[in-house]
Structures are given as C-alpha cells and as structure tokens.
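8 is the number of the first residue of the sequence shown in the working numbering; add one for each residue after it.
A virtual CB, placed ideally from N, CA and C, is assigned to each residue, including glycine.
For clarity, every value in this text was computed on a predicted model and none was experimentally measured.
Contents: one structure, followed by commentary.
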Amino acid sequence: YPIGNLQLPYFTEWVKEVFNVDLQKRVPAQPLPASFPEPIISRELVDAIEQLKITFSLDGMDRLFRAHGHTLREIYELKRGSIERIPDIVLWP
Numbered sequence: 008y009p010i011g012n013l014q015l016p017y018f019t020e021w022v023k024e025v026f027n028v029d030l031q032k033r034v035p036a037q038p039l040p041a042s043f044p045e046p047i048i049s050r051e052l053v054d055a056i057e058q059l060k061i062t063f064s065l066d067g068m069d070r071l072f073r074a075h076g077h078t079l080r081e082i083y084e085l086k087r088g089s090i091e092r093i094p095d096i097v098l099w100p
C-alpha cells in the first residue's frame, strides 16, 4: 500500500491530537468467566466423532480459546468479556 515501509515520525502525535487518544491509558482485561454455556450437541454426534477416533473437547476454556480470531473487533470483545457465543465442540482431526 502507498505508505507501507515509510517512516512516519509525526503520526503518533497526529493521532493523539486529532482523535484525542491517550496512549498511556490502560484498561485491564476482564477476568476469565467462572462458568461457560453448556454445549448444545447430541450424544449421537459425540458417538460418531468418537467412532472416527477424532480428538475433541467440550471443555469451556478450550471452546472459549477458539471462539475468536484476531480481528480488532474480536480482540475488543474478548478483552471486554462480551463474546456472545462460543463453539459447542472443538475438534482436532
């Protein structure tokens, strides 16, 4: 892109002034949830996964950890503790 690999020595100051951004302000992350929603999954599906010898997890932390990507929105939601849904199952084929 046009400004890729360019040195922008005044950019930080410009952002602070124009957008009134305080780069020293730190907001602590939310603590991990104490509980997770129960997975919605049928016993038949779990049996089929086990029969195929696919490793899986229904653990809440495994599911939360894989409930987001690395977009700005997803990281913000994770940091704010506002992820609406998490996967019901995690597979490691």
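Using a Cβ distance threshold of 9 Å, valine 97 and aspartate 69 count as a contacting pair.
Under the DSSP assignment, phenylalanine 63 falls in the beta strand (DSSP E) whose first and last residues are 62–64.
Taking a contact as a CB-CB distance under 8 Å, the pair histidine 75 and glutamate 84 counts as one, their CB atoms being some 7 Å apart. The beta carbon of glutamate 45 is closer than 7 Å to none in its chain, skipping five residues each way along the sequence. The continuous stretches of beta strand (DSSP E) do not include leucine 52, which lies in the alpha helix (DSSP H) extending over residues 50–58.
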